[in-house]
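**Student:** Residue numbers (the numbering used here), protein chains in the order written: chain A, 1 to 549; chain B, 1 to 342.
The beta-carbon is built from N, C-alpha and C at its ideal position, and this holds for glycine as well.
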Amino acid sequence: MKHRLWHFKGGLHLHGHKHMSMTQHAVPLTPPSRVVLPLQQHIGEPAEPIVEIGQRVLKGQMIAKASEYISVPVHASTSGTVIAIEERTVPHPSGLPATCIVIEADGKDEWTELHPVTDYQAMDPSALRNVIREAGIVGLGGAGFPTFIKLNPGPGNVIDTLILNGAECEPYITCDAMLMQEHPRRILDGLLVMKHALHARHCIIAVEDNKKAAHTMLVNALHEHESEFIEIVQIPTRYPTGGEKQLIKVLTGKEVPSNGLPINIGMVCHNVATAAAVWETIESGKPLISRYVTVTGEAVETPRNLEVLIGTPFRQLLEACGWQPEQTDEVLMGGPMMGFGMTSLQAPVIKTTNCLLARPKNQPHRHPAMPCIRCGQCTNVCPAKLLPQQLYWYARAKDFDKAQDFNLFDCIECGCCAYVCPSHIPLVQYYRFAKTEIWAMERDKQKADHARRRHEFHQYRLERKRQEDEERKRKKKELLKKTQGKQDTEEDAKKAAIEAAMARVKSKREQQEKKNVDNLTEQQQQAIHKVEQRRQRLREAETGNEEKS
Amino acid sequence: MQSIHSSPHIPPQNSVTRMMLAVLVALIPGILVYIYFFGWGVVVNIVLATLAAVGCEALMLRLRHRPIKPYLLDGSAVVTAVLFALALPTLAPWWLVIAGVAFAIVIAKHLYGGLGYNPFNPAMVGYATLLIAFPKEMTAWVPAGTHEISMIDNLRYTFLNALPDGMTYDSLTMATPLDTVKTELAQDRTMAEIPLRYSGLFGGVAGRGWEWVNFAFFLGGLVLIYMKVINWRIPLAVISGIFVIATAFAIPDPDLHPSPWFHLLGGAAMLGAFYIATDPVTAATTPRGQLIYGFGIGVLIYVIRTWGGYPDGVAFAVLIMNMAVPTLDYYTQPRVFGQEKK
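Here it is as structure tokens:
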């Protein structure tokens, strides 16, 4: 049955350069004398060391445990002695060092005790996820998201399709192609484990049509495997068809919502190498301590795939493939479209190292960036259907709100826009800058919010205390008033008597001492007399009242 | 191991220089046909405009403290100069050419910030300025194939304002077919009468010579689309714009309205559709925006030609739609991957 395919807008046809590293079988690389194991080789929180300096560890032994939910443990990739837990160069675009556990190998490569899972189908999916988590498995396609989380459908979600991504659309990289070619059964078995964990209805393995051999090997393995819910689909070779959202569109015609996850539309996508790693853990109990790495580029003599212990320094991989340092412009981890340049080759292979690409010196001259001429070629190739050119203007102007209005965070940094830009503007760099700035602002805002909330709570507490104090004072006063009430009335009576007496004395004195009223007219005297009479009446009335009371 | 770049690490294949060169190459068939029908004046204008443009560009880059070599080599000034020269009458004095180019490069381009920053098409700004300032010199053309003017005579006119004995400027030149049709229609003549009154001015469907020049520019434009230097949206929209409105008027009343073919193959229609309206800097950039932008230009070309006061409408149509670009781009943003269809 031919699977119907859809099309995603944009993208590029790139020269694959895949044959270079596909001419030879993958071989294990000699274990290094020293392995450097970063605590963070995945998206999420770094692992926490559980070994001490000087401690002897065995191959496959857990040396750092998962710290929080989004975290996975790290295991020793060979037996030996822990000689340091310190900051070392790690493969990261920033070039900044990070904490690593360094193990001096004893050369015995002695395994710890392993616990294979005998019947995974009898296991509860959550227990199965835990096994996968404890094995330190993360997405091996490049992002390194902890696999056990993506094997959890979550409450209420039904997984219709589980997709294994074998597109490997970036030029030069062939580690997945080689794995599919050499270990198709592992991938199929791993896929079934994943299917069990997710209760997925059916599964698709997608392979780009430039990997005929890998496709054939998978199809042959599937024939022996007799699983009817697995479909192996060839998809047109087009960059970036291996992007999760693009792949889902090509296979199902559905679009993962902007800012959403495949699980929102009932899909989950894993890398083929991740499936193989899951199977190794189930079958033999081995944690993730090695992986396939493509060593290629025009500056290595014998490009090929190597099976490498995690923690092996890059230099050793390159030297095993006839690296010519004097002809090397730069060494990239990853492909030419999305990889990043290495500042030091002492950096170790980590779980997400898929490729080392030694770029030659004699590349075409890099032109300086010219002004944007708004030609819109970037818009034509953007697989996220964004307006890269507008994003560029806003990122450049640091107008981050506008950049977000134009959906900056839907950008997958595939680099198609920069590849076609006639003005040679490093567009992706601008988008990364804008994203980093926005993240930093978010973090600052969160901090500020936190501080504000704390301040507000503090103020509230002060206010509450003040109100309580006042209330207490008021009650106390009331209580006091009640007890004093009786004494008060007696005192008032006394006071009134004294006042009355004083008033009488005063009026008598006024009568005796006539003031300047001697030479008055009769009328005036009469008027005064009237007033006096009225006053007299009033006084009598007052005294009468007082006497009554 | 000295340089660390941001991804992608494959050097870009395309460049501004390559795009501009492609435009110049695609213009060649049209230019050749133009020379064939209208004489050496075309070459004189192109060479003079190019030299002036490169000079102005270098001067402005120097004044603005920009690196001269990479910006001169981008070819944008040359493209502006050639497009401007192709819009000029073939018999043009040197000061006319230089004034127009200087205005285009200095004012319309560099005073707005140079390559990539100018909101208006520089060549059309130069042309429009001349049309307003020197209407007489800008509207009189030597009709196609009527007079054999040698290169030397043409240069003598351009630089010395001297014509061969027995020839005067007025006897050599006349209004263009587009202009003539407009004037005649205004005097109540019909489309059937007009070509009879001006023998030799009209060809098969449009102006004599003009129709072939337009056809050659159309072919060159197809090459540009094939090479992905321009995309199909703007040219198609311009052509549709002219075609739709011209047909709407010509079908009910063919006596008083020239056919759509007359408009599509007349004047600067094809030059405008494929080379001028598609100037990336000043055109709309969203797919839907480009369609509206192009269609608007097409309709405006017809409107200005038919009811406006100028012989051709390409320059003003383009400039008017240039103004609308920010708004168009804003309201026609494409649906982002994974967003609900609106």
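Please check the pair V295/A and L306/A, which I expect to be a contact at CB under 8 Å, by giving their CB distance rounded to whole angstroms.
**Tutor:** Here residue 295/A is taken as the residue at index 295 of the first sequence, counted from 1. Here residue 306/A is taken as the residue at index 306 of the first sequence, counted from 1. Indeed, because the Cβ distance is near 6 Å, the residues count as touching under 8 Å.
**Student:** In three-state DSSP terms, what is P29/B?
**Tutor:** Stepping through the second sequence from its first residue, residue 29/B is reached at position 29. Three-state DSSP puts P29/B in a helix.
**Student:** Since K245/A meets chain B, which of its residues come closer than 8 Å, beta carbon to beta carbon?
**Tutor:** As a working note, residue 245/A is residue 245 in the first sequence. F337 and G338, listed in chain order.
**Student:** Quick check: the Cα distance between G298/B and P235/B, rounded to an integer number of angstroms?
**Tutor:** As a working note, residue 298/B is residue 298 in the second sequence. As a working note, residue 235/B is residue 235 in the second sequence. C-alpha separation (whole angstroms): 9 Å.
**Student:** Please name the residue in E280/A, R537/A and V300/A whose C-alpha comes closest to that of A320/A.
**Tutor:** Residue mapping note: residue 320/A aligns to position 320 of the first sequence, counting from 1. Measuring from the Cα of A320/A, the nearest candidate turns out to be V300/A.
**Student:** Under 9 Å between C-beta atoms, does L14/A make it to chain B?
**Tutor:** Locating residue 14/A in the first sequence gives position 14, counting from the first residue. True, the Cβ-Cβ gap to chain B drops below 9 Å.
**Student:** Would you check if there are 3 or more beta carbon pairs closer than 8 Å linking the stretch 17-27 of chain B to the stretch 218-232 of chain B?
**Tutor:** yes
**Student:** With a threshold of 8 Å (Cβ to nearest heavy atom), would Q316/A be considered close to the ligand COA?
**Tutor:** Within the structure as shown, the ligand COA is missing, as the structure has no ligands at all.
**Student:** So if I threshold CB-CB distances at 9 Å, which residues from the stretch 360-375 of chain A count as touching chain B?
**Tutor:** Q363, P364, H365, R366, H367, P368, M370, P371, C372, I373, R374 and C375
**Student:** Hey, I101/A and L58/A are a contact pair by Cβ (cut 8 Å); roughly how many whole angstroms apart?
**Tutor:** As a first step, residue 101/A is located in the first sequence; it is residue number 101 there, counting from the start. As a first step, residue 58/A is located in the first sequence; it is residue number 58 there, counting from the start. The pair is not a contact, with the Cβ atoms about 14 Å apart (cut-off 8 Å).
**Student:** Give the residues of chain A in contact with F18/B, contact being defined as C-beta atoms less than 8 Å apart.
**Tutor:** Here residue 18/B corresponds to residue number 18 of the second sequence, with the count starting at 1. The question names Phe, but residue 18/B in the sequence shown is Arg. Neighbours of R18/B on chain A, chain order: P422.
**Student:** Hey, G11/A and T241/A are a contact pair by Cβ (cut 8 Å); roughly how many whole angstroms apart?
**Tutor:** If you number the first sequence from 1, residue 11/A lands on position 11. If you number the first sequence from 1, residue 241/A lands on position 241. Contact flag correct, Cβ pair sits at about 7 Å.
**Student:** From the DSSP output, which residues share a beta bridge with F202/B?
**Tutor:** Residue numbering aside, residue 202/B sits at position 202 when the second sequence is read from its first letter. Under DSSP, the beta-bridge partners assigned to F202/B are G207/B.
**Student:** Just to confirm, is the Cβ distance from G41/B to T80/B under 9 Å?
**Tutor:** Here residue 41/B refers to the residue found at position 41 of the second sequence. Here residue 80/B refers to the residue found at position 80 of the second sequence. No, the Cβ-Cβ distance between G41/B and T80/B is not below 9 Å.
**Student:** Counting only C-beta atoms, is P91/A closer than 9 Å to chain B at any point?
**Tutor:** Walking along the first sequence from the start, residue 91/A turns up at place 91. Output row for P91/A: interface = no.
**Student:** Is it buried or exposed for S549/A, if we count other Cβ within 10 angstroms and need 16 for buried?
**Tutor:** For the purposes of this step, residue 549/A is identified with residue 549 of the first sequence, where counting begins at 1. Confidence in S549/A is poor, its pLDDT being 47 and thus under 50, which makes the residue's placement unreliable; the coordinate value appears in the next sentence. So S549/A counts as exposed.
**Student:** In chain order, what residues of the same chain lie with their CB nearer than 6 Å to the CB of G241/B, ignoring the 5 residues before and after it?
**Tutor:** Translated into the one-based positions of the second sequence, residue 241/B becomes position 241. F295, G298 and V299.
**Student:** Of all Cβ atoms in chain B, is any one closer than 9 Å to the Cβ of V256/A?
**Tutor:** As a working note, residue 256/A is residue 256 in the first sequence. With 9 Å as the cut-off, V256/A counts as an interface residue toward chain B.
**Student:** The stretch 91-125 of chain B: which residues have C-beta closer than 9 Å to a C-beta of chain A, in chain order?
**Tutor:** G113, G114, L115, G116 and Y117
**Student:** List the residues of chain A whose Cβ lies closer than 8 Å to the Cβ of Q187/B, in chain order.
**Tutor:** As a first step, residue 187/B must be located in the second sequence, where it is residue number 187. In chain order: nothing, as chain A lies at least about 45 Å away.
**Student:** Suppose the cutoff is 8 Å on Cβ atoms and the five residues either side in sequence are ignored; what does the same chain contact list for Y239/A look like?
**Tutor:** Residue 239/A sits at position 239 when you count from the first residue of the first sequence. So the list reads G11, L12, H13, L14, C169, E170, P171, M337, C414 and C416, once near-sequence residues are dropped.
**Student:** So what does DSSP say about I43/A, is it helix, strand or coil?
**Tutor:** Along the first sequence, read from residue 1 onward, the residue named residue 43/A stands at position 43. I43/A: coil per DSSP, three-state reduction.
**Student:** Check R56/A in the structure and name its three-state DSSP category.
**Tutor:** Sequence index remark: in the first sequence, residue 56/A carries index 56 (1-based). Reduced to three states, the DSSP call for R56/A is strand.
**Student:** Determine which residues of the stretch 201-214 of chain B have a Cβ less than 7 Å from any Cβ of chain A, and write them out in chain order.
**Tutor:** Here the close residues number zero.
**Student:** Taking N14/B as the query, report the chain A residues whose CB atoms sit under 8 Å from its CB, ordered along the chain.
**Tutor:** In the second sequence, residue 14/B corresponds to position 14, counting from 1. Within chain A, the residues near N14/B are Q377, V420, C421 and P422.
**Student:** So who's on the other strand from P97/A, going by DSSP bridges?
**Tutor:** Taking the first sequence and counting its residues from 1, the one referred to as residue 97/A is at position 97. P97/A is bridged to T89/A.
**Student:** Alpha carbon to alpha carbon, what distance is there between V219/A and T89/A?
**Tutor:** By one-based count along the first sequence, residue 89/A stands at place 89. By one-based count along the first sequence, residue 219/A stands at place 219. Computed Cα separation, rounded: 41 Å.
**Student:** When you compare the CB of D255/B with every CB in chain A, is at least one pair closer than 9 Å?
**Tutor:** The count along the second sequence starts at 1 and reaches residue 255/B at position 255. D255/B does not count as touching chain A.
**Student:** Count the other C-beta atoms from every protein chain shown that fall within 10 angstroms of the C-beta of S3/B, then say buried if there are 16 or more, exposed otherwise.
**Tutor:** On the second sequence, position 3 is the one that residue 3/B refers to. Because the pLDDT at S3/B is just 48, under 50, the model does not fix this residue reliably, and the point stays unresolved.
**Student:** How long is the line joining the alpha carbons of I152/B and L32/B, rounded to whole angstroms?
**Tutor:** Your numbering for residue 152/B matches position 152 in the second sequence. Your numbering for residue 32/B matches position 32 in the second sequence. For I152/B and L32/B, the distance between alpha carbons rounds to 19 Å.
**Student:** What separation, rounded to the nearest whole angstrom, lies between the Cα atoms of V138/A and S290/A?
**Tutor:** Numbered from its first residue, the first sequence carries residue 138/A at position 138. Numbered from its first residue, the first sequence carries residue 290/A at position 290. Straight across, the Cα-Cα distance linking V138/A with S290/A is about 12 Å.
**Student:** Within 9 Å of any Cβ in chain B, is that where the Cβ of L391/A sits?
**Tutor:** Along the first sequence, read from residue 1 onward, the residue named residue 391/A stands at position 391. Taking Cβ atoms only, chain B never reaches closer than 9 Å to L391/A, which makes this a no.
**Student:** Give the single residue among P8/B, D179/B and Y34/B whose Cα lies nearest to the Cα of G309/B.
**Tutor:** For this step, residue 309/B is matched to residue 309 along the second sequence. The residue with the shortest Cα to Cα distance from G309/B is D179/B.
**Student:** Kindly indicate the opening and closing residues of the alpha helix (DSSP H) around C175/A.
**Tutor:** As a first step, residue 175/A must be located in the first sequence, where it is residue number 175. Segment C175 to E182, the alpha helix (DSSP H) holding C175/A.
**Student:** Would F148/A and I132/A be called neighbours here (beta carbons separated by less than 9 Å)?
**Tutor:** Within the first sequence, residue 148/A is the residue found at index 148, counting from 1. Within the first sequence, residue 132/A is the residue found at index 132, counting from 1. Result yes, Cβ atoms of F148/A and I132/A sit closer than 9 Å.
**Student:** Give a yes or no on whether 9 Å exceeds the smallest Cβ distance from A53/B to chain E.
**Tutor:** Protein chains in the displayed structure are A and B, and chain E is not among them.
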